[in-house]
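Note that the numbering used here has the sequence shown beginning at 84, numbered continuously upward.
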Amino acid sequence: MPDKKPPVHTVPNPDGGWNNKQGGKIVSRADTKAEAQKKGREKAKKDGTEHRIHNKDGKIANSNSYGNDPNPPKDKK
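In structure tokens form, the structure reads like this:
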């Protein structure tokens, strides 16, 4: 079974702009949060992993799963 890739985090860059980090390493940079989110979403989809979007204060504001969701929604019947 292939190793699961770590989540992609869209985080503010202290020097301005936004970074996407995966496994502690910067995988892309952008001037705006919207642009960084787009790049982060594409990377998370490609890797089949989670995408966590942070606010300027560093707290996670949103999270999306593009792979094996550990907590999938239950079927409503």
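Glycine included, each C-beta is placed from N, C-alpha and C at the ideal position. All of these numbers come straight from a predicted model, not from anything done at the bench.
Next on the checklist: Quick check: what's the CA-CA separation for His92 versus Lys104?
Outcome noted: Start at 1 with the first residue of the sequence shown, and residue 92 comes out as number 9. Start at 1 with the first residue of the sequence shown, and residue 104 comes out as number 21. Cα-Cα distance, rounded: 5 Å.
Item to check | Buried versus exposed, by CB contacts within 10 Å (16 or more), Thr132 | outcome: As a first step, residue 132 is located in the sequence shown; it is residue number 49 there, counting from the start. Answer is buried; the Cβ neighbour count reaches 16.
Checklist entry - Around the C-beta of Gly106, are 16 or more other C-beta atoms found within 10 angstroms, so that it is buried, or is it exposed? => result One-based indexing of the sequence shown puts residue 106 at position 23. Counting Cβ neighbours within 10 Å, Gly106 comes out exposed, since fewer than 16 surround it.
Next on the checklist: With a threshold of 6 Å on Cβ separation, who are the neighbours of Asp130 within its own chain once the five nearest residues in sequence on each side are excluded?
Outcome noted: Locating residue 130 in the sequence shown gives position 47, counting from the first residue. Taken in chain order, the residues that qualify are Lys88.
Checklist entry - What is the residue span of the beta strand (DSSP E) that Lys104 lies within? => result Along the sequence shown, read from residue 1 onward, the residue named residue 104 stands at position 21. Element bounds for Lys104: 101-105.
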